[in-house]
Each structure stands twice: as C-alpha cells, then as structure tokens.
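Numbering (UniProt numbering), first residue to last: 1 to 333.
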C-alpha cells in the first residue's frame, strides 16, 4: 500500500516542500498503524523549514509537522493501549511519557512528523482522543495547547483570579487564553489587529491591547490591571520583550519563555529577580491531564483555516504571513 506524504529539505525553505508517494509499512510488536486525518501547523515548523535553529530538522529532509489526529488501522503483537478504530493523537515528543526532563526526539524536526496519510508509531506515544473533540481540534493539542498548559500548570500553577498576559493571537496564545479562563484567571492579550482582539474578547479576554496603537503596551497593561501584577506571562515573542514582561510580574510571578516570534528566546536571559520558566512543550502524562481538563471545561480549540495536504506550501506561507487567528489546519483525508 502507498500513501501521500510531504517532505521538506530542512533549513532550505518553504519552496523545498514536495508531495510524493511513499510505502506504508505494517506495524511491528508494540506498534500501531494509524491513518492520519488532520494536522496543524506551528511556528516551529517555520523554524525547521528556514533553519532558524541550526540542526533542529533531520537532514537532508524530514516529513514535517508535529501535531495530528488519526484513527488506528491495525496493531502489532502485544498491543493493549489502543485498538483498531480508536481515535488518537500522537504526542509531540514520542519518548517523553512522564517526568519533567524533555526528550529531544520530537516529531517534524529530529524525527519524521505527521504530514502524511499513514504512520506507524509505538503505541505508548498515542493518546486517545475523546469524543467531544473533532479530529481538527485534536490536532491542535500536541504542541500549541500542551505548551500553553505546561506554562500555566507545570512550574507555578496559575490560580483563579490571577492575571495572565499572552502576546499575539497564534496557537499558543489563544490556547493559553482559553485554558487560563477555564482555570478562572483573568487574561490580558496583545495584538496589532483590532479584529483579532475582538475575537479574543469573544473568547473571554478581559483586557485587549493593540500594541501598534499603544506602543507602551506594558504601561497600558499596568494601568488597567492595577497594582496586582501579572502572575504569568506567556512569552511567545522572546528576549526583545524581556524587560517589559518582567516589569509587569507580581512577586513570584512567572515569565514562561516559549517562543521567538520577534527575537531570540528568553531562555538564556539571566536575572535573579525574575522567575523564568523555559517551557519545552510537555509529556504524555501532561497531555492526558490537559485533554481531560479541556473536556471537563468544554474548551474547544480554535482553527482558523484548513488546507489540503497538496497545498501545504500555501499553509506555510499563511503561517509566515501572520494573518491567522488560533491554528492553521491541514486536511489529510
């Protein structure tokens, strides 16, 4: 049996994406063959495509994307975790099952990802997708949603009534908004688009700041939230905002260093007065806890637009352009 899959030459740009036919292998002992139905993109996929972090993508090429939903087609000998017909999501780091130490073997980077119609995975890396979530919604969970969940719960658990600040309206920021509101926190969000801020407000954002209209956005946030300070900054922009983000933190508040949308990561900044938490997505255990929480609180992930696999390069360009809200999906049916 053959399938359609995408590959990209790591670090060589979006233009090297190709769609090709590939062989589908049978699952071995402890493995499952899954039929992937939906996937989503993350900014990390651009990092691999453009080589923004040297060595992150498998050479010379890799099957891209890390986040998907699928149906189990067949299982190998000794499998009890899943059965044919189960809806599942492969976790972002297939060998990081529990504990706080990240595993560097991640889908769509060091190892082949999910931009393909079939894949074989060790069943320990598969999590069941609950019925209330669609396949596209499930495909948002492994990276963006879990990163937000880890930022809010893994280091300094966010409490009801506290303020969370999220920058932008991409996958991590919108997941953080939705999860923080479900926890009972208050959320401030920044964007350069009034239309996107209006959508964020419809999801429960308590404070929306257009940083183009208010360049001193930190002062605007400080004025609006009063003297309580921010408990957790979801830092998707990077070190360029380190000082402003840090100035807003309440005592023992947390700067969750996640992204590099505007500069280098904040991970390497050293300031003993700042509680800096480098967020490296999360484990299977965290993924399952997050999914149960989302179902309990009826959190429905946001997918802005969906492309067919044949148009994956267009999906990347849409991601690069930044005009999306929440997540960009890929249909693999």
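Glycine included, each C-beta is placed from N, C-alpha and C at the ideal position.
The segment 127-157 contains, as complete alpha helix (DSSP H) runs of 4+ residues, the segments 135-138, 146-153 (chain order). According to the DSSP secondary-structure assignment, residue 191 is paired through a beta bridge with 210. In this chain, residue 114 is not harboured by any alpha helix (DSSP H), its DSSP state being neither H nor E. Within the same chain, Cβ atoms closer than 8 Å to the Cβ of residue 259 are found at 43, 172, 235, 236, 237, 238, 265, the five residues on either side in sequence being excluded. Within the model, the alpha-carbon separation for residue 329 versus residue 244 is close to 33 Å. Using a C-beta cut-off of 8 Å, the segment 161-177 makes contact with the segment 224-231, since at least three inter-stretch Cβ pairs fall below that distance.
For the 8 Å CB-CB criterion, residue 74 and residue 33 form a contact. Between residue 59 and the set 47, 160, 11, the nearest pair of CA atoms involves 11. Ranked by how close their Cα comes to the Cα of residue 296, the residues 275, 178, 197 have 178 in first place. Distance between residue 138 and residue 315, taken at the CA atoms: about 18 Å.
Check the Cα spacing between residue 50 and each of 109, 81, 96: the tightest is with 109. Residue 194 holds the alpha-carbon nearest to the alpha-carbon of residue 212 among 36, 114, 194, 154. Excluding residues up to 5 positions away in sequence, 49, 50 lie with their Cβ nearer than 8 Å to the Cβ of residue 13 in the same chain. Burial is judged here by how many other beta carbons sit within 10 angstroms of a residue's own beta carbon; residue 286 has at least 16 and is buried. Take residue 106, set aside five residues on each side of it, and the residues of its chain with a beta-carbon closer than 7 Å to its own are 66, 92, 93, in chain order. Assigned with DSSP and collapsed to three states, residue 161 falls in coil, not helix or strand. DSSP, reduced to helix, strand and coil, places residue 91 outside both helices and strands of the structure shown, so it counts as coil.
For the pair residue 76 and residue 15, the CB atoms are not nearer than the 8 Å cut-off.
Look at residue 297 here: in three-state DSSP terms it is coil, with no helix or strand label. For residue 280, the closest C-alpha among the options 152, 131, 88, 112 is that of 152. Nearest neighbour of residue 118 by Cα position, chosen from 327, 181, 2, turns out to be 2. By the criterion of a C-beta distance shorter than 8 Å, residue 9 is surrounded in its chain by 16, 60, 61, once the five residues flanking it on both sides are discounted.
In this structure, residue 21 keeps its C-beta atom at 8 Å or more from the C-beta atom of residue 115.
Restricting attention to 301, 100, 298, 317, the CA atom closest to the CA of residue 307 is found in 317. Distance from the CA of residue 319 to the CA of residue 182, rounded to the nearest whole angstrom, comes to 27 Å. Straight across, the Cα-Cα distance linking residue 81 with residue 123 is about 6 Å.
The beta-carbon distance between residue 191 and residue 169, rounded to whole angstroms, is 5 Å. This is short enough to meet the 8 Å contact definition. When DSSP assignments are scanned along the segment 233-260, the uninterrupted stretches of alpha helix (DSSP H) that are 4 or more residues long and fall wholly within it turn out to be 242-248. In this structure, residue 311 keeps its C-beta atom at 8 Å or more from the C-beta atom of residue 97. Residues 186, 187, 188 of the same chain have their beta carbon placed closer than 7 Å to that of residue 206, with the five preceding and five following residues left out of the count. Contact between residue 327 and residue 140 holds, with the beta-carbon distance rounding to 5 Å and staying under 8 Å. For residue 106, the secondary structure class from DSSP, reduced to helix, strand or coil, is coil.
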